[in-house]
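Residue numbers (the working numbering), protein chains in the order written: chain S, 1 to 92; chain P, 1 to 424. All C-beta atoms in this analysis are idealised placements derived from N, C-alpha and C, irrespective of residue type, glycine included. Scroll down for the structure; my scribbles are underneath it.
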Amino acid sequence: MLIPCPHCGARPHAEFTYGGDATLRRPADPALASDDEWHEYLYLRTNPAGPHREFWHHTLGCEQWIEVARDTVSHRIDGAAPVGRASERRPR
Amino acid sequence: MAGARNMQRYSIFSLLRNAMSYHRNWAEAWRSPAPKPAYDVIIIGGGGHGLATAYYLAKEHGISNVAVVEKGWLGGGNTGRNTTNVRSNYILEQNSHFYEFSLKLWEKLSQDLNYNVMFSQRGVLITAHFDAQTQALLRRGNGMRTLGIDAVFLNREQMRRKVPILDFSPTARFPVTGGLLQPRAGVARHDAIAWGFARGADARGVDIIQNCEVTGFRIDNGRVTGVDTTRGFIGAKKIGIAVAGHTGHVAALAGLRLPIESHLLQAMVTEPVKPLLHVSLSFGAGHFYTSQTDKGELVMGGDLDGYNSYAQRGNLPMIEHVAAAAVTALPCISRLRIMRHWAGIMDMTMDGNPIIGKTPIDGLYLDGGWCYGGFKATPGSGWVFAYTIANDRPHELNIPFNLDRFSHGYTIDERGVGPYPALH
Chain S
1 MLIPCPHCGA
11 RPHAEFTYGG
21 DATLRRPADP
31 ALASDDEWHE
41 YLYLRTNPAG
51 PHREFWHHTL
61 GCEQWIEVAR
71 DTVSHRIDGA
81 APVGRASERR
91 PR
Chain P
1 MAGARNMQRY
11 SIFSLLRNAM
21 SYHRNWAEAW
31 RSPAPKPAYD
41 VIIIGGGGHG
51 LATAYYLAKE
61 HGISNVAVVE
71 KGWLGGGNTG
81 RNTTNVRSNY
91 ILEQNSHFYE
101 FSLKLWEKLS
111 QDLNYNVMFS
121 QRGVLITAHF
131 DAQTQALLRR
141 GNGMRTLGID
151 AVFLNREQMR
161 RKVPILDFSP
171 TARFPVTGGL
181 LQPRAGVARH
191 DAIAWGFARG
201 ADARGVDIIQ
211 NCEVTGFRID
221 NGRVTGVDTT
231 RGFIGAKKIG
241 IAVAGHTGHV
251 AALAGLRLPI
261 ESHLLQAMVT
271 EPVKPLLHVS
281 LSFGAGHFYT
291 SQTDKGELVM
301 GGDLDGYNSY
311 AQRGNLPMIE
321 HVAAAAVTAL
331 PCISRLRIMR
341 HWAGIMDMTM
351 DGNPIIGKTP
361 IDGLYLDGGW
371 CYGGFKATPG
381 SGWVFAYTIA
391 NDRPHELNIP
401 FNLDRFSHGY
411 TIDERGVGPY
421 PALH
């Protein structure tokens with residue numbers, strides 16, 4: 001797989017470290033979050049067979065975290081963006 | 001037993017008798033019936049675990065009005081895609097008890113099923129390459145022995161006699177300091193476990209329905225009433241899910257969200273060579289484990305690719321990584337060619353251990369999340385899952401593996417890495 005790093009261009013995925021599901025949101029106030037909210041954030045995953053938004057860290061490149069849109073069945077990658085800036089997604 | 005029939009027993013005599021007719025008159029090993037409108041129990045998934053569950057439901061609990069529905073063919077998922085290790089050399093007590101129970105079932109399985117599962121107790125050997133690792137293996141071995149499980153520590157000289165093809169040269173990158181052997185562990189024939197359980201279950205009246213994919217669950221007032229399939233609706237009082245690799249996807253049809261990510265694990269075999277390796281070997285200094293098949297091939301595997309995937313095919317960097325570790329451990333195999341290579345989909349749970357038990361939906365039971373340890377567990381998993389379904393409560397052996405353990409903080413984390421599925 002080639003991951004289109006928004007900072008470095010298309011690079012082999014072996015340069016990256018996987019960071020998992022990018023749609024999870026940490027409870028806004030950790031002290032007030034209930035056990036159920038923590039359980040959901042820490043453990044439960046949608047785990048789709050198909051389009052997946054996920055974090056990758058460009059460990060052997062720019063060392064930045066990026067958000068990648070990838071299909072878990074075909075491994076097709078539909079672009080990547082700096083974390084939190086999905087609107088700047090770099091096309092494939 | 002309703003629907004039961006006489007199974008043709010396999011023996012030297014049946015072999016001779018059938019040789020007289022050029023092996024043209026063997027009875028089919030199991031029927032291919034059309035689904036009935038309803039069953040007492042439906043098991044989703046015709047791999048080793050699902051078929052074992054159906055077998056033990058009929059054998060141990062007298063529940064034979066059972067269907068196993070499989071979207072493809074029997075054993076076509078991870079049952080046929082693994083490296084066939086059977087062992088119980090764990091650290092945590094919950095794991096030790098469960099896998100040892102399963103190993104004991106393996107030891108009698110060929111006789112029990114009247115089907116040769118080719119369980120070869122050649123021993124599983126983990127190598128150690130530095131002092132801390134040697135100490136860790138000693139601790140693991142002592143832990144196993146206190147629970148009555150066999151474990152033998154081998155020093156460097158004993159290792160040299162046991163596996164002379166390891167790198168014992170003075171320039172070895174990872175000098176061998178010792179190893180932990182579980183002599184009763186070994187390897188088995190992967191297809192045979194699916195076929196043996198299928199034949200045994202069928203003989204006890206279980207309907208095995210292939211090419212029948214479950215497309216939805218019918219749930220009435222929090223209780224299952226049946227499944228929609230590509231061959232129509234089938235009713236059931238109880239339903240068991242045993243589809244590891246696709247557990248998240250199938251459970252989602254019932255509205256469940258699980259602590260599981262699906263990942264890739266690759267494996268490969270070399271060209272066949274004469275007997276070279278007499279144990280199943282796990283290399284302590286890298287991601288590499290191997291055993292020699294009866295055909296002479298070295299079957300080898302490594303670590304997960306490390307990202308969510310349902311593709312059943314992996315990427316080349318991991319093959320290179322495993323091959324590099326293989327040549328480091330066993331320099332003499334460096335010129336063997338890789339003949340075949342494949343990947344399976346692993347249900348990776350958040351603590352690296354399976355989920356076997358009840359779900360929040362009445363009558364729906366879950367056996368999944370096998371990470372990459374499912375093959376060895378096949379008979380034990382089927383046995384405890386059948387018990388759980390028949391009695392509507394888990395057996396003592398699978399109480400620790402309940403789905404609630406994550407929300408209650410009772411995870412069973414053998415590697416101690418936390419909720420990162422790709423690291424287990």
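Residue-level contact to chain P via CB, aspartate 29(S), 9 Å cutoff: Working through the first sequence from its first residue, we reach residue 29(S) at position 29. No, because no Cβ of chain P sits closer than 9 Å to the Cβ of aspartate 29(S).
For threonine 349(P), three-class secondary structure by DSSP: The count along the second sequence starts at 1 and reaches residue 349(P) at position 349. Three-state result, threonine 349(P): strand.
First through last residue of the alpha helix (DSSP H) which encompasses valine 384(P): Locating residue 384(P) in the second sequence gives position 384, where the first residue counts as 1. Per DSSP, valine 384(P) belongs to the alpha helix (DSSP H) from 374-391.
Span separating the alpha-carbon of isoleucine 12(P) from that of glycine 200(P): Along the second sequence, read from residue 1 onward, the residue named residue 12(P) stands at position 12. Along the second sequence, read from residue 1 onward, the residue named residue 200(P) stands at position 200. Approximately 19 Å between the Cα atoms of the pair.
Inter-stretch contact at 8 Å, needing at least 3 Cβ pairs: the region 135-150 of chain P / the region 81-91 of chain P: yes
Listed by chain order, chain P residues near histidine 57(S) by CB distance under 7 Å: The count along the first sequence starts at 1 and reaches residue 57(S) at position 57. Near histidine 57(S) there are no residues of chain P at all, since even the closest Cβ is about 12 Å away, more than 7 Å.
Where glutamate 107(P) falls: helix, strand or coil (DSSP): Numbered from its first residue, the second sequence carries residue 107(P) at position 107. Three-state result, glutamate 107(P): helix.
For glycine 233(P): DSSP bridge partner residues: Locating residue 233(P) in the second sequence gives position 233, counting from the first residue. Correcting the residue identity first, residue 233(P) is phenylalanine in this sequence and not glycine. DSSP output for phenylalanine 233(P) lists Asp228(P) as bridge partner(s).
7 Å Cβ cut-off: residues of chain P touching valine 73(S): Taking the first residue of the first sequence as position 1, residue 73(S) is located at position 73. In chain order: Tyr310, Ala311.
Delimiting residues of the beta strand (DSSP E) encompassing lysine 358(P): If you number the second sequence from 1, residue 358(P) lands on position 358. Residues 355-358.
Where glycine 141(P) sits in the DSSP three-state scheme: Along the second sequence, read from residue 1 onward, the residue named residue 141(P) stands at position 141. Note: glycine 141(P) maps to helix in three-state DSSP.
Those runs of the alpha helix (DSSP H) which lie wholly inside the region 1-60 of chain P and span at least 4 residues: 12-20
Min CB distance aspartate 35(S) to chain P below 9 Å: For the purposes of this step, residue 35(S) is identified with residue 35 of the first sequence, where counting begins at 1. Output row for aspartate 35(S): interface = yes.
Contact set between isoleucine 399(P) and chain S, taken where Cβ atoms lie within less than 8 Å: To locate residue 399(P), count along the second sequence from 1; it is residue 399. Near isoleucine 399(P) there are no residues of chain S at all, since even the closest Cβ is about 19 Å away, more than 8 Å.
Pick from Ile319(P), Glu414(P), Asp392(P) that is closest to glycine 352(P), judged by C-alpha positions: Taking the second sequence and counting its residues from 1, the one referred to as residue 352(P) is at position 352. Of Ile319(P), Glu414(P), Asp392(P), the residue nearest in Cα terms is Glu414(P).
Boundaries (first-last residue) of the alpha helix (DSSP H) holding tyrosine 41(S): Residue numbering aside, residue 41(S) sits at position 41 when the first sequence is read from its first letter. 35-42 is the span of the alpha helix (DSSP H), which, as asked, contains tyrosine 41(S).
CB of proline 421(P) within 9 Å of CB of histidine 263(P), strictly: As a working mapping, residue 421(P) is identified with position 421 in the second sequence. As a working mapping, residue 263(P) is identified with position 263 in the second sequence. A contact, by the Cβ cut-off of 9 Å.
Beta-carbon contacts of tryptophan 65(S) that lie in its chain and below 7 Å, excluding the five residues immediately before and after: On the first sequence, residue 65(S) is found 65 positions in, with the first residue counted as 1. Only Gly19, Phe55, His57, Val83 meet the Cβ criterion.
Proximity of alanine 67(P) and tyrosine 39(P) at Cβ, strictly below 9 Å: Numbered from 1 along the second sequence, position 67 holds the residue referred to as residue 67(P). Numbered from 1 along the second sequence, position 39 holds the residue referred to as residue 39(P). In contact: alanine 67(P) and tyrosine 39(P) (Cβ atoms closer than 9 Å).
Distance between tryptophan 370(P) and proline 400(P) (C-alpha atoms, nearest Å): If you number the second sequence from 1, residue 400(P) lands on position 400. If you number the second sequence from 1, residue 370(P) lands on position 370. Straight-line Cα distance between these residues: approximately 14 Å.
Enclosing beta strand (DSSP E) for valine 68(P) [first to last residue]: As a working note, residue 68(P) is residue 68 in the second sequence. Looking at the DSSP string, the run of the beta strand (DSSP E) that includes valine 68(P) is 66-69.
Beta strand (DSSP E) segments (min. 3 residues) lying fully within the region 258-300 of chain P: 260-270, 280-282, 289-292
Min CB distance glutamate 63(S) to chain P below 9 Å: By one-based count along the first sequence, residue 63(S) stands at place 63. Answer no: the Cβ-Cβ gap between glutamate 63(S) and chain P never drops below 9 Å.
Cutoff 9 Å: arginine 257(P) Cβ touching any chain S Cβ: Here residue 257(P) corresponds to residue number 257 of the second sequence, with the count starting at 1. At least one chain S Cβ lies under 9 Å of arginine 257(P).
Amino acids of chain P, ordered along the chain, whose beta-carbon sits closer than 7 Å to that of glycine 60(S): In the first sequence, residue 60(S) corresponds to position 60, counting from 1. Contrary to the premise, residue 60(S) reads as leucine rather than glycine in this sequence. What leucine 60(S) touches in chain P: nothing, since even the nearest Cβ is about 12 Å away.
Residue from Leu113(P), Leu304(P), His395(P), Val176(P) whose Cα sits closest to the Cα of isoleucine 319(P): Locating residue 319(P) in the second sequence gives position 319, where the first residue counts as 1. It is Leu304(P) whose Cα lies nearest to the Cα of isoleucine 319(P).
CB-CB length for glycine 284(P) against histidine 408(P), believed under 8 Å: Taking the second sequence and counting its residues from 1, one reaches residue 284(P) at position 284. Taking the second sequence and counting its residues from 1, one reaches residue 408(P) at position 408. With 8 Å as the limit, glycine 284(P) and histidine 408(P) do not qualify as a contact, their Cβ atoms being about 34 Å apart.
Check: asparagine 211(P) C-beta below 8 Å from any heavy atom of the ligand FMN: This structure simply doesn't include the ligand FMN, nor any ligand for that matter.
Contact under 9 Å by Cβ, valine 163(P) with threonine 83(P): For the purposes of this step, residue 163(P) is identified with residue 163 of the second sequence, where counting begins at 1. For the purposes of this step, residue 83(P) is identified with residue 83 of the second sequence, where counting begins at 1. No, these two residues do not count as a Cβ contact at 9 Å.
Opposing strand residues paired with threonine 127(P) [DSSP bridges]: As a first step, residue 127(P) must be located in the second sequence, where it is residue number 127. Paired residue(s): Gly179(P).
Residues that threonine 23(S) contacts on chain P, provided the C-beta gap is smaller than 8 Å: Counted from its first residue, the first sequence places residue 23(S) at position 23. What threonine 23(S) touches in chain P: nothing, since even the nearest Cβ is about 12 Å away.
Start-to-end residues for the beta strand (DSSP E) that takes in glycine 363(P): The residue given as residue 363(P) occupies position 363 in the second sequence. Premise fails: glycine 363(P) is in no beta strand (DSSP E) and is neither H nor E.
Whole-angstrom distance between tryptophan 38(S) and aspartate 29(S), CA atom to CA atom: As a working mapping, residue 29(S) is identified with position 29 in the first sequence. As a working mapping, residue 38(S) is identified with position 38 in the first sequence. For aspartate 29(S) and tryptophan 38(S), the distance between alpha carbons rounds to 11 Å.
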